[in-house]
Amino acid sequence: MRPAQRYDHAGCATAGILHKGGQLINGEAIIEAIGTMRERGNGLGGGFVGYGIYPEMKDYYALHIMYDREDYRQPVERYLERALLLIRSERIPTRPTPGVGLAPVFWRYFGTIPPNEPRPAGESDDDYMVRVVMRINLEFDGAYVVSSGKNMGVFKGVGYPEDIGRFFRLEEYSAYLWIAHARFPTNSPAWWGGAHPFSLLQWSVVHNGELSSYGINKRYVEQFGYRCTLLTDTEVFVYLLDLFLRRQKLPWEIIPAILAPPFWEQIYRTEPAQRRALLTAVRQVYGAGLANGPFSIIIGHPRGFMGLTDRIKLRPLIAARHGDMAYLASEESAILAICPAPDEIWEPLAGMPVDERLYEEVVL
Amino acid sequence: MKNFLPSDFLVHIGPECILCGRCVRECSFGALEQKEGHIIAHHARCVACQRCVVFCPRSAIAIVPHPSTSRHNAYWTPELRRALLRQAQTGAILLAGAGNDQPYLNIWDHLLLDASQVTNPPIDPLREPMELVTFIGRKPDRLEITADENGEWKLVTELPPQLKLDTPIIFGAMSLGAVNLRVHKILAEAARRAGTLFNCGEGGLHEELYPYGQNTIVQVASGRFGVHQRYLDAAAAIEIKIGQGAKPGIGGHLAGEKVTEEIARTRMIPAGTDALSPAPHHDIYSIEDLAQLIYALKEATNYSKPVGVKIAAVHHVAAIATGAARAGADFLTIDGFRGGTGAAPLVIRNHVGLPLEIALAAVDDRLREEGIRHQVSLIASGGIRSSADVIKAIALGADAVAICTAALIALGCTLCQACYTGRCAWGLTTQDPELIKRLDIEEGVERVQNLLRAWTLEIKEVMGALGINAIESLRGNRERLRSIGLDTHTQEVLGIRPAGM
Amino acid sequence: MELHAQQLHYREVNQWLRRCSQDGIHHVTLYGIRGHRYIGTGLNNSLRIQIHGTAGNDLGAFMNGGEIVVYGNAQDGVGNTMNAGRIIVHGHASDVVAHSMRGGTIFIRDDVGYRAGIHMKAWGTNPPLVIIGGTARDFLGEYMAGGTLIVLGLHDSSAPLVGSYVGTGMHGGVIYLRGTIAPYQYGKEAGLQPLTADDWEYLQHTLAPFCEEFGFNLEEVLDHTFCKLVPLSRRPYGRLYEGAVGAINSHG
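Protein chains in written order, with our numbering: chain E, 4 to 367; chain L, 564 to 1064; chain Y, 30 to 281.
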């Protein structure tokens, strides 16, 4: 059950692995990586996102929906049958797992937008899906959309991540990109919806830290029709990304300059003038999108992931490469657990992104 | 006609008095007189401006509330009865200076700020970067960015003009006439040194202040005093004054006696005539007319500087502000009912308008509901008393605040509220050359600059405690505010939760 | 130089004018003007602009020199806060002509709407002059603080020369009316005065260029009753407020 309207603070661990050639990796690997950082979580939240897990359904939106109880499902499904052209609906397979308590019910739905649905002029399919997601989260009791992208899905809950991974039988999935999270919430609402990753459409985010700027980040995205309903600051990252990348079509490279911009003193010294003008305008226009306070995040998207820390590096992030593989994690140990001798391993600078992508020729 | 009015104050002169006569020379209200080896106090004339108290070399003077009393009556307060008697004697509209002094709910002092503990760290403001830089001006919804021929990202969008403030505090509008040229010079120089702006108000910009143009907001008010092409060209920004928090909905009236040669030259009217500011702009009777004037000013200055609109906090302030933003205003100044005035009818000052806190929250909310808050800058003014008020205003949604009374207090103002008499003993709201001399420009600049410095440091301290190192992350961040002792409706309007939640 | 403005936005027209002005061009003609706003605003020099069509709102706002001649009508706000220069309209103009005008000259051949000359001022050696060939509506010269307003009523003798509330709050300047005005038509702050020989001389001298511009016969125009409104005080509201400057002890 979603606790009373307040948002929650959390410390955490994150990990991500990407095969840049698009080869699928079994879910066991990511469970092992995140499992090595057990000390950073407290068993009150763990979660995963996999990209490439539904290749046979890759043209359909995949909605993962969490129901607090079975009886919350029917009203949502009645709505979904009207709102989408569903081609498959099924319960997400789980197994009883020690360490995982009373669990909500998870279902997944694959579908497209009905062709004759009346829509505002110029609205894209993605815009339509955002409306569907916001509506379910806002208006249907006990139902939360956990993920809504294509050929990807989020699996998360209350427990240590390795237990959550087994609960969701992740060894039965393979993905070219996995991102995981272990959570240390300061209060313990034991709410499955509060676990990471947070996801909307193709974007997903795991987050270690807390946003001191959450209040204004939230009010900023609300101006653009997003509704923060999931009671953690991390949710707002996803909406910021959707706004900037999908709706405003800003290049990926600008995202760090918004979320973790250089200090003005650095901007004044920046050469050439073209770059200085760009950074200045980004801060002037997107100040409400600055993510202030400690954070390290891994952003997942269909073509790869981006790791980023806040501008004074208050949270850790380690990056590594080995062959076609790219790794990100809160601690080196997590990477070494699954890749004992990487070609390169480094600590990214504050506010500087680690931007790893599939090779351009990879067609999914 | 016999005067039935008892005195407000009693001027007590103690035995330490050495009859030096300093107090008599300092009193600009004729309340003290030296006669036959005595200092005689005309208590009824005393406005309690404290000038004699501060300047008595022997600290012999105390001004106390007049101890004589009438039967207590919580309904017919002494203030009401005094006002009534004054009107019975004169048949005139009562005037008042400074801001609304009535005991309406003061919301600032029911707001509490957050601080970071463990889950996010506080920041040491003295040793780590703490950014207060604020840009005033219209912002686009989004930036268009493309790669250039070398693959470097390049800005395509041309941003409208932006004014950079090094601290989110500017000096609000006080006209030359309401205050004197020395006050203007002090504020202009202090603004220049602090990297911020001063607002010349509606009485024109004195020739000697043109060099401060890049730190000056010039006003275009209903009287259009001193408004001409050079004035518009000189400024960093232009503000259309629709209303003033201390006297929403009414015009202004600078008495002919205050229209000295210097003021006449600046206002571009003959000396000695009343300078009337009509209640409305006679070219603005509707919102589309406001758009017309905004664009007239943009055309006149070739879109080279922000054009803003100042409105008083009134009941429909949110809708009005939204309309002004849609009419093309690049910034909005919201002036609350605690804002000062050189002269306003007492009935207006005390009874019309809204608290800034409410108005600011309502405007910020409405602009967000309409999805245009990020396009305009919001300046909050009207009774900002401390850095705490500044921080709370920014957290409620302001980009910057404007201060006037606070700056005058830094220069000696004791809020005696007698500005409209033109006899300001501290040389601030007077045009009397002898009184003006009391204000030392260099020292004044230092005082005001010190005030800005102190507040700026305090803002950084609080931001550090909040774990926020850029002011844009505080702006509109009501999550970091809680209320204590406010009713549910007020909390709802403010959009903040009660302490403990 | 000429510009055909039918398809252009006012910003483009004004940008073109600004360029002409910067290039040192002295005379331009605009064709196809229909409601384009702010023509002549922000030019700050001696450009002469001829306009064919209907000039839009705020024609010559903040104007600071040069000349605008409109062959057609003008809309609201002609010469708003004008400082110097000359605006001539071969037609009528709508409301708020010469609002807060401080200097320069406006000639309107035909009628004007409400609030003409409202809060006109005077400053320095170039007091503003507004001559209206036709009639004017209510609030003519309200709050007037300086300059000269002349209303001639040359066209339709059946229409009232001026409306009501003429010169209310007037505290400077002078209004000449070619005809008479009833006491109820003007504000209590203004008063009628008989014309002196100086006034007649002033009118003759001032109306000559107006008549020449529009082809009126100066003799005929002057061969008529005129009246003159002036402010009764430069401080009309001195007794309205208690305790203000100059009366510091009245509350004492």
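Ideal Cβ placement from N, Cα and C applies to all residues, glycine included.
Keep in mind the model is a prediction, meaning the values are calculated, not measured.
Spatial distance of residue i from residue j (CA atoms)
i, j, result
"ALA323(E)", "GLU347(E)", "5 angstroms"
"LYS717(L)", "LEU253(E)", "11 angstroms"
"GLY82(Y)", "THR720(L)", "36 angstroms"
"HIS121(Y)", "GLY85(Y)", "12 angstroms"
"GLY30(E)", "GLY1030(L)", "37 angstroms"
"ILE301(E)", "GLY152(E)", "17 angstroms"
"TYR638(L)", "PRO666(L)", "14 angstroms"
"GLY102(E)", "TYR163(E)", "7 angstroms"
"TYR858(L)", "GLN1054(L)", "38 angstroms"
"GLY310(E)", "PHE187(E)", "20 angstroms"
"PHE266(E)", "LEU728(L)", "15 angstroms"
"ALA145(Y)", "GLY767(L)", "24 angstroms"
"ALA963(L)", "VAL357(E)", "35 angstroms"
"LEU668(L)", "ILE1047(L)", "13 angstroms"
"ALA146(E)", "GLY886(L)", "39 angstroms"
"GLU876(L)", "ARG1038(L)", "Just to set this straight, residue 876(L) is Ala in the shown sequence, not Glu. About 20 angstroms."
"SER191(E)", "GLY46(E)", "In this predicted model, SER191(E) has a pLDDT of only 47, less than 50, meaning its place in the structure is not dependable enough to derive any value."
"VAL161(E)", "GLY48(E)", "4 angstroms"
"GLY776(L)", "ALA799(L)", "6 angstroms"
"CYS987(L)", "ALA661(L)", "12 angstroms"
"PHE245(Y)", "PRO238(Y)", "10 angstroms"
Any C-beta of chain Y under 8 angstroms from that of residue i
i, result
"TYR773(L)", "no"
"ALA988(L)", "no"
"LEU913(L)", "Here residue 913(L) turns out to be Asn, not Leu, going by the sequence shown. No, no contact with chain Y."
"ILE733(L)", "no"
"GLY1058(L)", "no"
"LEU893(L)", "At residue 893(L) the sequence reads Asp, which differs from the Leu that was named. No, because no Cβ of chain Y sits closer than 8 angstroms to the Cβ of ASP893(L)."
heavy atom of the ligand SAM below 7 angstroms from residue i C-beta
i, result
"GLU218(Y)", "As far as ligands go, the structure on display features none, and thus does not contain the ligand SAM."
Test: residue i CB closer than 8 angstroms to a CB of chain L
i, result
"ALA84(Y)", "no"
"GLY64(Y)", "no"
"PHE240(E)", "no"
"PRO265(Y)", "yes"
"GLU31(E)", "no"
"ARG222(E)", "yes"
"PHE201(E)", "no"
"GLY145(E)", "no"
Residue i - DSSP class collapsed to helix/strand/coil
i, result
"GLN782(L)", "strand"
"ASP1050(L)", "coil"
"VAL149(E)", "strand"
"SER191(E)", "Reliability fails at SER191(E), whose pLDDT of 47 lies under 50, so the model's placement of it is uncertain and the value that follows must be treated cautiously. Residue state, collapsed to three classes: coil."
"PHE240(E)", "helix"
"SER949(L)", "coil"
"GLU80(E)", "helix"
"TYR179(E)", "coil"
"VAL1008(L)", "helix"
"MET155(E)", "strand"
"GLY275(Y)", "Confidence at GLY275(Y) is low in this model, with a pLDDT of 40, below 50, so the placement of that residue should be treated as unreliable; the coordinate-derived value is given next. DSSP places GLY275(Y) in coil when its eight states are reduced to three."
Cβ distance (whole Å) where residue i is taken to contact residue j below 8 angstroms
i, j, result
"LEU538(L)", "SER591(L)", "Because chain L in this structure spans residues 564 to 1064, residue 538(L) falls outside the shown range and cannot be described."
"ARG306(E)", "LEU361(E)", "5 angstroms"
"GLY108(Y)", "ALA127(Y)", "5 angstroms"
"THR312(E)", "ALA276(E)", "Wrong, their Cβ atoms sit about 28 angstroms apart, outside the cutoff."
Within-8 angstroms CB hit, residue i to chain E
i, result
"SER1046(L)", "no"
"GLN725(L)", "yes"
Amino acids of chain C, ordered along the chain, whose beta-carbon sits closer than 9 angstroms to that of residue i
i, result
"VAL587(L)", "This model lacks chain C altogether; the protein chains it does include are E, L and Y."
*asked:* Within 8 angstroms, do at least three Cβ pairs link the stretch 235–252 of chain E to the stretch 342–358 of chain E?
replied: no
*Would you check if the stretch 902–915 of chain L and the stretch 949–962 of chain L touch, i.e. whether three or more CB-CB distances between them fall below 8 angstroms?*
no
*Would the stretch 786–795 of chain L and the stretch 129–143 of chain Y be scored as touching if the rule is three or more Cβ pairs under 8 angstroms?*
yes
_With three or more C-beta pairs closer than 8 angstroms as the rule, is the stretch 604–623 of chain L touching the stretch 565–574 of chain L?_
yes
*Mind the definition here: the stretch 921–934 of chain L touches the stretch 823–836 of chain L only if three or more C-beta pairs lie below 8 angstroms; say whether that holds.*
no
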